[in-house]
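Asks: Below you will find the structure I want to go over with you.
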Amino acid sequence: MPSWLDELLSDTSIPVLIVLTALAIGAVKTWPWLRKVVRFLDALIGDDKNPGLLERVNGLEGRVDRIHHEVTPNSGGSMKDAVARTEKTVNTVAADLETVKQKLDRDHERISELEDTATRPPWMPPPGRN
Numbered sequence: 092m093p094s095w096l097d098e099l100l101s102d103t104s105i106p107v108l109i110v111l112t113a114l115a116i117g118a119v120k121t122w123p124w125l126r127k128v129v130r131f132l133d134a135l136i137g138d139d140k141n142p143g144l145l146e147r148v149n150g151l152e153g154r155v156d157r158i159h160h161e162v163t164p165n166s167g168g169s170m171k172d173a174v175a176r177t178e179k180t181v182n183t184v185a186a187d188l189e190t191v192k193q194k195l196d197r198d199h200e201r202i203s204e205l206e207d208t209a210t211r212p213p214w215m216p217p218p219g220r221n
């Protein structure tokens, strides 16, 4: 055998090749998992374009606080209070409108009765004719 081959296959080269091969196989097998870990850390830490997890959570907390303020009654300043006031006013207006309709119906009945019993001058046409 040539001397370079003897040196290559000496007692220390085989274990080194086995270790290097095992490391290469291990790197190939763990690469997808390692890539997922790196992506998770990037999402957690964030960068200039994409804020990190803590920044996003802080932003969401502010939004939730504003929404909570609007949907919780708080002495008139919230949207819920405004809706309650509007509903109360609409119900009052609806009741008033119903009262006006009933009065108007009674007035129409009285007018019809008066038209039926009233004597018309000869020159005035009957109702419904012009």
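Position in the sequence shown (from 1) plus 91 gives the number in the working numbering.
Glycine included, C-beta positions come from ideal geometry on N, C-alpha and C.
Please state the DSSP three-state secondary structure of glycine 137.
Replies: Here residue 137 is taken as the residue at index 46 of the sequence shown, counted from 1. Here glycine 137 sits in strand by DSSP.
Asks: Whole angstroms is fine: what's the gap from serine 203's alpha carbon to glycine 167's?
Replies: For the purposes of this step, residue 203 is taken as residue 112 along the sequence shown, with counting starting at 1. For the purposes of this step, residue 167 is taken as residue 76 along the sequence shown, with counting starting at 1. Taking the straight line joining both Cα atoms gives about 49 Å.
Asks: Would glutamate 161 and serine 169 qualify as a contact pair, given that the criterion is a beta-carbon distance under 9 Å?
Replies: If you number the sequence shown from 1, residue 161 lands on position 70. If you number the sequence shown from 1, residue 169 lands on position 78. Result yes, Cβ atoms of glutamate 161 and serine 169 sit closer than 9 Å.
Asks: Please go through the segment 124-191 and give each complete alpha helix (DSSP H) segment of 4 or more residues, from N-terminal end onward.
Replies: The qualifying runs are 144-162.
Asks: According to DSSP, is arginine 211 part of a helix, a strand, or is it coil?
Replies: Here residue 211 refers to the residue found at position 120 of the sequence shown. It is coil, neither helix nor strand.
Asks: So aspartate 172 and asparagine 165 are supposed to be a Cβ contact under 8 Å. How far apart are they, rounded?
Replies: Along the sequence shown, one-based indexing puts residue 172 at 81. Along the sequence shown, one-based indexing puts residue 165 at 74. Between asparagine 165 and aspartate 172 the Cβ distance is about 7 Å, and since that is below 8 Å, they are a contact.
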